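The block underneath contains the structure these notes are about, expressed in structure tokens.
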Amino acid sequence: MCGIVGYAGKNQAAPVILEGLAKLEYRGYDSAGMAVVNGDKIQITKSVGRLKVLEELTHGGATMPGTVGIGHTRWATHGAPSDANSHPHYNAQETIAVVHNGIIENYLPLKEKLVSKGYQFTSDTDTEVVAQLMDYYYKGNPLEAIIKVMHRVQGSYALGIVFADHPDEVFAVRKDSPLITGQNEEGCFIASDVPAILKYTRKVFFIENQEIVHLKADGMHFYTIDEEEIEKEPVTIEWDADAAEKGGYEHFMLKEMYEQPKTVTDTLMPRLKNNDIVIDELNMSDEDIRAIKKIHIVACGSAYHTGVTAKYVIEGIARIPVEVDVASEFRYRNPILEEGAMVVVISQSGETADTLAALRESQALGYKVLGIVNVVGSSIAREADNVMYTWAGPEIAVATTKAYSAQLIALYLLALKFARVRGKLDDKTFHEMIEDLKRLPGQIEMLLSNKERIQRFANRYVAAKDVFFIGRGIDYAISMEGSLKLKEISYIHSEAYAAGELKHGTISLIEEGTLVAAVATQDTLFQKTLSNMVEVKARGAFVLAVTNEGNTDIEKAADYVIYIPKTNSYFTNSLAIIPLQLFGYYVAVGKGCDVDKPRNLAKSVTVE
Ligand code: F6R
Numbered sequence: 029m030c031g032i033v034g035y036a037g038k039n040q041a042a043p044v045i046l047e048g049l050a051k052l053e054y055r056g057y058d059s060a061g062m063a064v065v066n067g068d069k070i071q072i073t074k075s076v077g078r079l080k081v082l083e084e085l086t087h088g089g090a091t092m093p094g095t096v097g098i099g100h101t102r103w104a105t106h107g108a109p110s111d112a113n114s115h116p117h118y119n120a121q122e123t124i125a126v127v128h129n130g131i132i133e134n135y136l137p138l139k140e141k142l143v144s145k146g147y148q149f150t151s152d153t154d155t156e157v158v159a160q161l162m163d164y165y166y167k168g169n170p171l172e173a174i175i176k177v178m179h180r181v182q183g184s185y186a187l188g189i190v191f192a193d194h195p196d197e198v199f200a201v202r203k204d205s206p207l208i209t210g211q212n213e214e215g216c217f218i219a220s221d222v223p224a225i226l227k228y229t230r231k232v233f234f235i236e237n238q239e240i241v242h243l244k245a246d247g248m249h250f251y252t253i254d255e256e257e258i259e260k261e262p263v264t265i266e267w268d269a270d271a272a273e274k275g276g277y278e279h280f281m282l283k284e285m286y287e288q289p290k291t292v293t294d295t296l297m298p299r300l301k302n303n304d305i306v307i308d309e310l311n312m313s314d315e316d317i318r319a320i321k322k323i324h325i326v327a328c329g330s331a332y333h334t335g336v337t338a339k340y341v342i343e344g345i346a347r348i349p350v351e352v353d354v355a356s357e358f359r360y361r362n363p364i365l366e367e368g369a370m371v372v373v374i375s376q377s378g379e380t381a382d383t384l385a386a387l388r389e390s391q392a393l394g395y396k397v398l399g400i401v402n403v404v405g406s407s408i409a410r411e412a413d414n415v416m417y418t419w420a421g422p423e424i425a426v427a428t429t430k431a432y433s434a435q436l437i438a439l440y441l442l443a444l445k446f447a448r449v450r451g452k453l454d455d456k457t458f459h460e461m462i463e464d465l466k467r468l469p470g471q472i473e474m475l476l477s478n479k480e481r482i483q484r485f486a487n488r489y490v491a492a493k494d495v496f497f498i499g500r501g502i503d504y505a506i507s508m509e510g511s512l513k514l515k516e517i518s519y520i521h522s523e524a525y526a527a528g529e530l531k532h533g534t535i536s537l538i539e540e541g542t543l544v545a546a547v548a549t550q551d552t553l554f555q556k557t558l559s560n561m562v563e564v565k566a567r568g569a570f571v572l573a574v575t576n577e578g579n580t581d582i583e584k585a586a587d588y589v590i591y592i593p594k595t596n597s598y599f600t601n602s603l604a605i606i607p608l609q610l611f612g613y614y615v616a617v618g619k620g621c622d623v624d625k626p627r628n629l630a631k632s633v634t635v636e
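Heads up: take any position in the sequence shown, counting from 1, add 28, and you land on the numbering used here.
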């Protein structure tokens, strides 16, 4: 949801900013722009289109001299993608420029007020209101004006600001949108996310809500909204810049799919100790675990799909009731949380606005929240009462793959731990299940090595209009994710259905040749799903089946079969999703889609 970068240093700012923005383009890519302070003037270049348009316009930044500046890559919220709506926004005299990530909710009344005072607007954005309001309050002291603006605006923001009469300085501030800073001998940096500055420093300062940072080439200062200076400790980032590079793969998505065996290992192995599962981060005694009456899982998109899987797994083996909610629904449905309820939020980015709001809502109701989060230091990681990290490393492709796989592992571990403590699993089954978990990375690798077969199959479906994914139980959860992977990157309409539900209406959409992907990995439901496959085949569907090795019976009802290696039935999602990810990927590649940056999407959804 928009990326911002700022630099105050000894080197020319524009190339540094462009490089940083390139690392943030996953956050938004419909337009880009920069403002560089040059002498006592601010030079602004911005354009609709990908970052490369801005690179070309500025000859890689060469046309914008100056060592202090800010930049932006946009995911449009207010105002369509256009040159005028691109950031930076500025005041009439072009002496103040602002880049913004987030939404200013009260921008309309503020705009009306400013218009009544003679201000003229050139864009449809909420951000321009910030620039004009800053102008209104600015009397030569940037900090003072920024604080006044902070008191007036409502909503979420990470702002980078430069003032022509403070040519060596960059200011930044945040509320509910991520912002980090860092420093090396060459200067100081701000950014929406770590990859933008990782080339320059591994020591990163996380800016908290309503904190202000003031950067100069030789250092930075942090302030509260009360203008009190504060000290901050840096966090050392462990992963290196290569982790956020494509490393020879055609797309980040392919690279990240290939990283899944490692991701699963990294999330799993540190929590297996002496034949047991140890999740210190839970901060729950056995007594606490035994006292859980219900688990509420809240998340969005693919993370929600891992929650749906977890419902089957936790209820199945730990016998604890689980409710799963989409975060944007949970936060407004006045949820009933009873005594003994535990809330788990799941988020790769740790910044998803609705998930963060659900976390806060639960805390306000007096419940502790466990965050299953990938990005260290993200808002959810910082605000959750306890955090279980998925050690997937940076995920750049907009469509999640490796973080999804890591979330599944974290949830299996929780289920097993709870089941064990509550006496629902005997020793033998528990240890067999752990052995099954340990085999997953090798099995995923094996499935990935079959990618050419999936690619050949996918090539036949680049012109598909509709695809249906069906399954029962955990297979239904797998279908949801398989369907999302396909539609979000290939723009082919697809739907996931509980296999038994299709005949209650949707089956009328099946025509001669419609592709139906049936997931049938649950032994107890196999025959039932098989019947549903026969039903769609009888209506002309072409049936692709994903099932366990040995289930050759399926060939009677399927036109094409992908077998996955044997594992415990609760863990089949981790394997069945691999061919479905590859299918979505290769259909999108075959159609010539921009796989890593699908239209209308952005990686980190920091607006509701
Ligand atoms: C789909 C996808 C999204 C995210 C969702 C939640 O491939 O990536 O559906 O899963 O936006 O994002 P996080 O996990 O960052 O909260």
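Cβ coordinates follow ideal geometry from the N, Cα and C atoms, glycine included. Note that the coordinates shown come from a computational prediction; the quantities given were computed from them, not determined experimentally.
Annotation for Y598: no alpha helix (DSSP H) segment contains it, and DSSP assigns it neither H nor E. Closest in alpha carbon position to T155, among E172, Y166, G168, G188, is G188. Here A36 really is in contact with G215; their C-beta atoms are around 6 Å apart, less than 8 Å. Here the stretch 266-286 lies against the stretch 426-444, with 3 or more beta-carbon pairs under 8 Å apart. E516 and H128 have their C-alpha atoms roughly 26 Å apart. Counting only runs of 3 or more residues that sit fully inside the stretch 47-86, the beta strand (DSSP E) segments are 59-66, 69-76, in chain order.
Distance from the CA atom of A630 to the CA atom of E423, rounded to whole angstroms, is 12 Å. Counting only runs of at least 4 residues, the stretch 92-165 fully encloses the following alpha helix (DSSP H) elements, listed from N- to C-terminal order: 135-144, 155-165. Under the 10 Å beta carbon count, I364 is surrounded by fewer than 16 other beta carbons and is classified as exposed.
In the three-state reduction of the DSSP assignment, R202 falls in the strand class, which pools E and B. Distance from the C-beta of V633 to the nearest heavy atom of ligand 1 is below 7 Å. In this structure, ligand 1 has no non-hydrogen atom nearer than 7 Å to the beta-carbon of T291. Per DSSP, the continuous alpha helix (DSSP H) segment holding N487 begins and ends at 479-487. Inclusion of Q376 in the 7 Å shell around ligand 1 follows from its C-beta lying nearer than that to a non-hydrogen atom of the ligand.
If you ignore the 5 residues before and after G61, its C-beta comes within less than 6 Å of the C-beta of K74, H100, S114, H115, P116, all in its own chain and listed in chain order. In this structure N576 is buried. Its beta-carbon is surrounded by 16 or more other beta-carbon atoms within 10 angstroms. Three or more beta-carbon pairs drawn from the stretch 351-369 and the stretch 315-335 are found closer than 8 Å, and the two stretches are therefore classed as touching. When secondary structure is reduced to three states using DSSP, L296 falls in the helix class. When beta bridges are read from the DSSP output, M178 appears opposite no residue. Distances from the CB of T383 to the heavy atoms of ligand 1 include at least one below 7 Å. In this structure, L608 has its beta carbon at no less than 7 Å from each heavy atom of ligand 1.
If you look at V574, you'll find it isn't in any alpha helix (DSSP H); it sits in the beta strand (DSSP E) that goes 570-576. By the beta-carbon neighbour count (other beta carbons within 10 angstroms, threshold 16), L398 is buried. Between ligand 1 and the CB of A616, the shortest heavy atom gap is not smaller than 7 Å. Under the three-state reduction of DSSP output, E257 falls in the strand class. Ranked by how close their Cα comes to the Cα of S433, the residues Y54, G451, S536, I472 have I472 in first place.
When rounded, the separation of the alpha-carbon atoms in A586 and A546 is 9 Å. In the assembly as shown, G499 is a buried residue. Its beta-carbon has 16 or more other beta-carbons within 10 Å.
H249 sits in a strand when the DSSP states are folded into three classes. The beta carbon of L512 sits closer than 7 Å to at least one heavy atom of ligand 1.
For E53, the closest C-alpha among the options T634, K625, A573 is that of K625.
Per the C-alpha coordinates, the member of A438, L85, L475 positioned closest to A331 is A438.
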